[in-house]
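Q: I have a structure here, written as structure tokens, and I will follow up with some questions on it.
2 protein chains.
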Amino acid sequence: MKNLFADIPENLRDELFETLLQARGFRIERIVSRGHCSPAGFWYDQDENEWVILLKGSAGLRFKGQEEVFVLNPGTYLHIDKHIRHRVEWTDPNQETIWLAVHYRDLDAQSNPI
Amino acid sequence: MKNLFADIPENLRDELFETLLQARGFRIERIVSRGHCSPAGFWYDQDENEWVILLKGSAGLRFKGQEEVFVLNPGTYLHIDKHIRHRVEWTDPNQETIWLAVHYRDLDAQSNPI
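Residue numbers (the numbering used here), protein chains in the order written: chain R, 1 to 114; chain H, 1001 to 1114.
Here it is in structure tokens:
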């Protein structure tokens, strides 16, 4: 039994990515940011779908082709389809921002038969 | 974009179970309790594995054959293997207890080839 909000390193030069569970077809990951954001001009373009929830701190998320920056607060969750390009414009500089992300391949067996 | 801590019904006669994402091989669920606990003598005995995190409130969890009641606070997460019998002894009577559960079949493709 562990705590998602514990075991945060003092020194967070880079964002921290940790796999909490690796299972068949999906993976649960904890991400810890502290003022980090995506590099200028960088867009995530992922091969897997992502269901993500922000649980501490806050962040600004932008999708390619849109001007709006969506503000995520504790509890905000969203789905990012694979290859939907997006970037983290900012995260709270004064505290950790903690995310829980579920990366996975296929929506369901019906639409993706073996 | 939704919030896990929002849209809580005033009236929570029964625990609230909502599927947030149904994907291939797993399902993400929100559970809202308010003082609920497992019925006397009842033990969960699930066909699927469960990764679960408590995110608001608190709860007491017990495993069959053990006396100890494990107290879960916000951020506490644990893995419950399928068919490990367990029960919720109590949840906070004064506020909602909100859980996020990931139910899934197989640990990984290597140990469970198609």
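Glycine is no exception: its CB is placed at the ideal position from the N, C-alpha and C atoms.
1) Only counting the same chain, and skipping five residues up and downstream in sequence, which positions put a Cβ closer than 7 Å to that of Val116(R)?
2) Check the DSSP bridge columns for Asn3(R) and list the partner residues they point to.
3) Run through DSSP, which three-state label would Ser1111(H) get?
4) Would you say the region 1078-1087 of chain H touches the region 9-17 of chain R, given that touching needs at least three Cβ pairs under 8 Å?
5) Put Thr1040(H) into one of helix, strand or coil per three-state DSSP.
6) For the region 40-74 of chain R, which residues have a beta carbon sitting closer than 8 Å to at least one beta carbon of chain H?
7) Could you check the C-alpha separation between Ala101(R) and Val1102(H) for me, to the nearest Å?
8) Does the CB of Asp155(R) have a neighbour CB from chain H at under 8 Å?
9) Return helix, strand or coil for Gly35(R), following the three-state DSSP convention.
10) So if I threshold CB-CB distances at 9 Å, which residues from the region 1011-1030 of chain H count as touching chain R?
A: Reading from the atomic positions:
1) There is no way to answer for residue 116(R), as the model of chain R reaches only from 1 to 114.
2) Thr1076(H).
3) Residue confidence is low: Ser1111(H) scores 48 on pLDDT, short of 50, so the model does not pin down where it sits. Its coordinate-derived value is still stated next. It is coil, neither helix nor strand.
4) Contact fails: fewer than three Cβ-Cβ distances are below 8 Å.
5) As written in the sequence, residue 1040(H) is Ala, which differs from the Thr given in the question. Looking at Ala1040(H) - three-state DSSP - the assignment turns out to be coil, as it is neither helix nor strand.
6) For the region 40-74 of chain R, the set of residues with a beta-carbon nearer than 8 Å to any beta-carbon of chain H comprises Asn49, Trp51, Ile53, Leu55, Phe70, Leu72, Asn73 and Pro74, in chain order.
7) Cα to Cα, Ala101(R) sits roughly 12 Å from Val1102(H).
8) This structure does not reach residue 155(R), given that chain R is present from 1 up to 114, and the question cannot be answered.
9) In the three-state scheme derived from DSSP, where H, G and I count as helix and E and B as strand, Gly35(R) is classed as coil.
10) If you check each beta-carbon in the region 1011-1030 of chain H against every beta-carbon of chain R, the ones closer than 9 Å belong to Leu1020, Leu1021, Gln1022, Ala1023, Arg1024, Gly1025, Phe1026 and Ile1028.
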